[in-house]
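Note sheet for the following structure.
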Amino acid sequence: MSEASSTATSKPARRVLLAVSGGIAAYKAPELVRALVRQGQTVRCALTRNAARFVTPLVLQTVSGHAVRTDLFDAEQEGEIDHIALADWAELVVVAPATADLLAKLAHGIADELVSTLLLATRAPVLVAPAMNVHMWDHPATRDNVALLRARGVRFVGPEAGFLACGWEGEGRMAEPATIAAEAERLLGAPTLAGEVVVVTAGGTREPLDPVRVLANRSSGKMGFEVAAEAARRGAEVVLISGPSSLATPAGVRRVGIETALQMRDAVHAELARCSVFVAAAAVSDFRPAMPAKQKIKKEALGDDGGLVVELVRNPDILAEVGAGDRAAGARSEPKAGEVQQDGRTRRLIVVGFAAESEDVLAAARRKLERKRCDLIVANDVSRSDAGFDVDTNAVTLVWPGGRDEALPLLPKRAVAAQILDRVEQIRGAR
Ligand SMILES: Cc1cc2nc3c(=O)[nH]c(=O)nc-3n(C[C@H](O)[C@H](O)[C@H](O)COP(=O)(O)O)c2cc1C
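If you read the sequence shown in numbering that gives the first Met the number 0, its first letter stands for residue 0, the second for the next number, and so on.
In structure tokens form, the structure reads like this:
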């Protein structure tokens with residue numbers, strides 16, 4: 000009986016494609032397959048021609064319980080599962096070990112044999128475990144390739160420092176199979192936020208001027224929707240409080256639609272008693288027209304050239320209210336905002352704010368962090384064309400209490416969402 004079929008788990012099996020390239024650490028690939036199979040995953044393996052010099056397909060076939068692919072042009076292998084079907088089959092691709100050569104191919108879109116072609120064809124997330132000589136790892140070419148891949152959302156695990164098979168000591172050793180398998184499980188949506196109630200605000204608000212016109216902003220909601228989707232993948236109960244948006248509600252997320260800042264405030268307060276993580280990604284209007292007209296304002300009524308002067312009043316600061324524990328009257332007997340009752344204990348709510356600024360981004364974010372008593376502020380420069388409103392990528396700096404800033408590269412918003420929730424888990428772990 001194969002190892003794969005002897006493992007019984009109650010979790011649904013996830014489809015992992017393990018791509019093995021030709022480094023000495025390929026001898027650990029069978030151990031990685033076993034670790035993934037023990038988690039309950041279905042694992043198929045694909046090897047570069049050079050990988051097959053380090054580990055036999057027969058071993059990988061035995062531990063995975065599936066035929067192993069080694070050659071793009073082998074009619075028999077292609078007939079069993081063609082390479083595009085295999086690339087589409089995968090929910091996650093793990094590359095372990097990843098040679099310097101394969102990283103270069105992946106970074107530059109080269110598809111000259113089976114594994115590099117699979118990596119170009121797949122739409123699944125890719126987790127890479129590099130392994131190589133320390134000087135190969137430190138080479139500017141490899142560094143640039145890694146930076147490019149990270150910027151595209153490829154995830155890395157390791158390499159670690161230590162004695163290398165080549166005799167040198169330094170960074171370049173492949174992460175341990177158990178570590179790679181744990182990271183794979185996390186990326187597959189391991190329930191690392193199970194038990195948490197995550198409330199995310201997203202999109203922009205609309206403040207009526209009259210029954211037809213509104214004061215709005217350019218927020219699309221994409222960032223908040225990605226945070227909600229990622230939190231749901233991690234097993235949290237997720238409430239997404241969103242301004243008007245045509246984006247689809249992510250799987251497993253309860254969506255509450257609002258239009259104005261006051262409605263958003265009410266919706267947030269309605270969820271606060273159970274909420275354990277609050278992520279404020281919405282662009283909430285700071286002001287609203289003091290007296291929205293009951294009927295459409297007619298220009299004729301303003302005279303021939305008459306302009307329109309609109310008085311604006313301040314909207315409540317929802318993030319500051321949540322961070323500071325300033326709750327609506329009548330709810331004071333419940334845990335204060337900024338706190339949550341869990342397992343009979345009072346725990347501080349984790350509060351993540353966003354600062355979309357067009358100048359002095361970090362200074363403004365730091366002021367916001369302190370004033371609104373957040374655990375973390377995600378600062379982004381909305382004057383950039385590749386980051387911020389209505390684009391699929393974002394370049395953010397995470398601003399922490401105590402003066403620490405953490406700049407992330409330009410990433411797809413889905414990857415930014417994952418980074419933010421990694422930090423939420425880190426904050427939770429530190430308490
Ligand atoms: C004994 C031996 C060990 C090697 N180990 C590594 C390694 O750990 N990492 C690496 O990037 N290349 C290593 N190489 C070089 C790769 O095998 C070589 O770059 C090859 O072209 C990689 O092919 P692939 O990326 O198609 O698998 C090693 C070569 C030999 C002969």
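Positions of the beta carbon are idealized from the N, C-alpha and C atoms, including for glycine.
Residue i versus the options, residue with shortest Cα-Cα distance
i             : options                           : result
proline 29    : Asn49, Ala12, Val196 and Phe53    : Phe53
lysine 27     : Arg372, Ala130, Gly64 and His65   : Ala130
valine 62     : Gly39, Leu118 and Glu424          : Gly39
leucine 186   : Arg233, Leu214, Val196 and Val321 : Arg233
alanine 97    : Leu311, Pro158, Gly223 and Thr259 : Pro158
valine 199    : Ile240, Glu170, Ala193 and Ser218 : Ile240
alanine 231   : Val153, Ala128 and Pro190         : Pro190
leucine 105   : Ala146, Leu311, Ala228 and Ile349 : Ala146
proline 408   : Pro56, Asn379 and Val19           : Asn379
serine 275    : Met290, Ile349 and Pro315         : Ile349
valine 32     : Gln60, Arg48, Ser20 and Ala51     : Gln60
glutamate 182 : Val19, Glu168, Val156 and Ala95   : Val156
glycine 251   : Gly203, Ala193 and Asp303         : Ala193
leucine 148   : Ala414, Asp421 and Gln425         : Ala414
alanine 95    : Leu35, Asp143, Val351 and Gly64   : Leu35
proline 249   : Val226, Leu397, Glu310 and Arg37  : Val226
alanine 323   : Ala235, Phe72 and Glu369          : Glu369
leucine 163   : Ala319, Ile426, Gly22 and Ala103  : Gly22
Burial state of residue i, where buried means 16 or more other Cβ atoms lie within 10 Å
i                 : result
aspartate 385     : exposed
alanine 160       : exposed
tryptophan 136    : buried
glutamate 299     : exposed
cysteine 165      : exposed
arginine 430      : exposed
glycine 171       : buried
serine 245        : exposed
leucine 113       : buried
threonine 259     : buried
phenylalanine 224 : buried
alanine 140       : exposed
glycine 108       : exposed
histidine 82      : buried
proline 210       : exposed
leucine 117       : buried
methionine 173    : buried
arginine 264      : buried
aspartate 374     : buried
methionine 290    : exposed
lysine 221        : buried
Residue i to residue j span [Cα, whole Å]
i                 : j             : result
threonine 392     : arginine 366  : 25 Å
glutamate 333     : alanine 150   : Unreliable placement is indicated for glutamate 333, whose pLDDT of 48 sits below 50; no coordinate value is reported for it.
cysteine 44       : threonine 69  : 9 Å
glutamate 195     : glutamate 75  : 48 Å
serine 357        : serine 382    : 5 Å
phenylalanine 286 : alanine 417   : 31 Å
valine 67         : glutamate 79  : 10 Å
leucine 410       : valine 390    : 11 Å
valine 58         : alanine 128   : 20 Å
glycine 317       : arginine 212  : What sits at residue 317 in the sequence shown is isoleucine, not glycine. For isoleucine 317 and arginine 212, the distance between alpha carbons rounds to 24 Å.
proline 437       : proline 207   : Since the first residue of the chain shown is 0 and the last is 430, residue 437 is not available in this structure.
glycine 329       : histidine 268 : Residue confidence for glycine 329 is low, a pLDDT of 33 falling below 50, so the modelled location carries little weight and cannot support an answer.
proline 400       : glutamine 262 : 30 Å
alanine 279       : glutamate 77  : 48 Å
valine 423        : arginine 372  : 15 Å
valine 153        : glutamate 175 : 19 Å
glycine 402       : serine 219    : 30 Å
valine 15         : alanine 272   : 39 Å
arginine 313      : glutamate 229 : 33 Å
alanine 354       : alanine 362   : 10 Å
alanine 110       : leucine 119   : 7 Å
valine 197        : alanine 247   : 18 Å
Residues sharing a beta bridge with residue i, DSSP
i                 : result
glycine 161       : Gly169
glutamate 206     : Leu214
asparagine 379    : Ala355 and Val395
proline 411       : Thr392
threonine 55      : Beta-bridge pairing links threonine 55 to no other residue.
proline 288       : Leu311
glycine 256       : Ser241
isoleucine 349    : Val276
cysteine 44       : Leu17
alanine 97        : Pro129
leucine 91        : Val15
phenylalanine 155 : Val127
valine 197        : Val237 and Val276
arginine 431      : Here the chain covers residues 0 to 430 and nothing more, so residue 431 does not appear.
glutamate 112     : DSSP lists no partner for glutamate 112.
alanine 406       : Thr396
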